[in-house]
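Structure first, commentary second.
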Amino acid sequence: MSEVKPASKPIQRLNIMTKPIGSKCNIDCTYCYYLSKQDLLGHSKQYDNRFSEEMLEHYIQSYIEQQNFPEIIFHWQGGEPTLLGVKFFRDVVRLQKKYSPKGVTIENNLQTNGILLNDEWGKFLHKNNFLVGISIDGPELIHNAHRTNRTGRGTFKQTMKGIEVLHKHKVNFATLTCVNNVSGASPLEVYRFLRDEVRSPQMQFIPIVEPKSFREIAPQRWLESEQLFQGMPETEPNHPNSIVEPWCVSAYQWGDFLIEVFDEWFNNDVGQVHVPYFEAWIESWMGRVNPLCTHSPMCGKGLAIEHNGDVFACDHYVYPEYKLGNINDKTLEEMQFSPQQEHFGKAKEGSLPTQCRQCEYQFSCFGECPKNRFLKTLQGEPGLNYLCAGWKKFYQHADPYISMLVASMGYPVHKSINPEAMKIRFK
Ligand code: SF4
Ligand code: SF4
């Protein structure tokens with residue numbers, strides 16, 4: 001067993017969303033952003049899209065050896081990674097032990113729809129201390145509106161069985177709830193269900209936003225002439241000529257969703273229920289760097305790797321234009337710290353429209369994820385976030401409460417950009 005590399009060079013961490021089975025999944029959610037990657041990336045439908053044994057070993061060895069930090073985290077996602085079976089993940093753990101230097105802790109995060117989880121999985125996940133992210137959108141009718149199998153039937157009951165397995169085997173888990181046109185309309189119902197029925201230890205919420213062209217056109221390769229002004233009726237998902245898919249959450253629906261969930265959490269559950277969004281904003285109000293990439297000034301710290309070794313700039317930028325290379329030809333380190341990735345990372349702040357630069361909540365918002373910036377400001381500048389109206393409504397609502405909370409914890413309220421957040425090393 002080798003020793004952990006001395007920190008002769010600056011701390012180097014990698015953070016890669018790993019797709020060991022590509023986009024293959026056992027269900028067919030309406031809003032999935034990843035199922036279409038098989039066509040986009042030209043992966044054969046017959047070919048068994050999965051990491052080969054050699055690729056898995058090469059990847060695990062490289063991922064460990066190219067970091068000099070005592071805590072290394074692997075992220076397994078899909079498609080549906082549990083389709084690979086428990087044996088695949090036993091091999092993962094065996095290889096991690098083989099290449100892990102003394103003094104380094106390896107952690108694993110696994111994102112799943114929970115359908116295949118059984119006692120064998122439960123024992124394995126508990127024993128190996130995996131953190132499981134489980135996708136559930138709310139109570140049965142809300143979940144089943146979009147999380148369906150290939151025959152169109154809802155998957156709620158199967159996912160709830162998977163959650164029972166996690167509780168029974170005391171597996172660490174977090175819920176991941178997609179806020180779409182249906183779940184977005186019932187914030188309290190969704191939140192109380194996750195809190196009281198699922199007993200979620202940590203609730204992650206993700207706004208579902210996809211322009212109609214998302215299957216073929218990479219973010220920020222949109223034609224400027226086709227970007228609509230904020231507030232135009234065609235930006236609403238239910239408009240017949242909408243520019244977004246009908247299952248998207250609307251900007252105001254998103255703002256209202258956050259407000260209702262925040263109020264319930266603030267009045268009853270602070271310190272009891274973990275909502276990463278709210279906790280991250282508290283950090284922003286304390287003057288610290290927001291830990292969420294979507295609300296940081298820069299992108300570029302999290303890559304994605306496909307089953308064939310192709311590496312992309314981010315999980316949401318798995319498009320040919322944003323491919324950085326393949327691990328058979330380049331090192332992960334080379335790709336992570338490449339000029340191409342640096343350009344991608346800095347463009348998040350560099351491309352903010354004036355409306356964001358002048359916004360009093362820029363310090364906590366940073367125009368959110370660039371993949372969602374496909375509107376024009378009222379002044380005609382491109383690159384405004386589709387959810388802007390919702391973000392702003394939420395920030396204005398939550399500001400006094402978050403300020404109060406920060407003050408009650410004994411910290412000064414510090415609503416400005418932390419200069420540390422602007423420092424990110426690419427090379
Ligand atoms: S593109 Fe979006 S998801 Fe990717 S790093 Fe940037 S903010 Fe995060
Ligand atoms: S709230 Fe709107 S204007 Fe303000 S930073 Fe966010 S996206 Fe930009």
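Numbered according to full-length UniProt numbering, the sequence shown spans residues 1 to 427.
Quick reminder that beta carbons are idealized off the backbone N, C-alpha and C, glycines included.
Remember, predicted model here, so these are calculated numbers, not experimental data.
Asked                                                                                                               : Found
Buried versus exposed, by CB contacts within 10 Å (16 or more), residue 211                                         : buried
Contained beta strand (DSSP E) runs [length at least 3] in the segment 69-151, N- to C-terminal order               : 71-76, 105-112, 131-135
Contact check, residue 144 vs residue 28, beta carbons under 9 Å                                                    : no
Cβ neighbour criterion (16 or more within 10 Å) applied to residue 151                                              : exposed
Inter-residue spacing [alpha-carbon to alpha-carbon] between residue 383 and residue 356                            : 10 Å
Near ligand 3: residue 34 beta-carbon under 8 Å from a heavy atom                                                   : Absence of ligand 3 from the depicted structure is noted, with ligand 1 and ligand 2 being the only ligands included.
Proximity test, residue 300 beta-carbon vs ligand 1 heavy atom, cut-off 8 Å                                         : yes
Within 9 Å, strictly: CB atoms of residue 80 and residue 26                                                         : yes
Where residue 178 falls: helix, strand or coil (DSSP)                                                               : strand
Other residues of its chain near residue 19: CB distance less than 7 Å, five sequence neighbours each side excluded : 77, 78, 79, 304, 305, 306, 307
Status (buried if at least 16 other CB within 10 Å, exposed otherwise) for residue 238                              : exposed
Residue 323 Cβ short of 8 Å to ligand 1 heavy atom set                                                              : no
contact_flag[the segment 115-127, the segment 82-89] where n(CB pairs < 8 Å) is 3 or more                           : yes
Same chain, Cβ closer than 6 Å to residue 251, neighbours up to 5 away in sequence not counted                      : 387, 389, 390
Residue 310 in three-state terms, based on DSSP                                                                     : strand
Residue from 160, 209, 157 whose Cα sits closest to the Cα of residue 181                                           : 209
Beta-carbon spacing of residue 346, residue 296 below 9 Å                                                           : no
Neighbour-count burial assignment, residue 378, 16 or more Cβ in a 10 Å radius                                      : exposed
DSSP three-state assignment for residue 258, whether helix, strand or coil                                          : helix
Delimiting residues of the beta strand (DSSP E) encompassing residue 304                                            : 303-305
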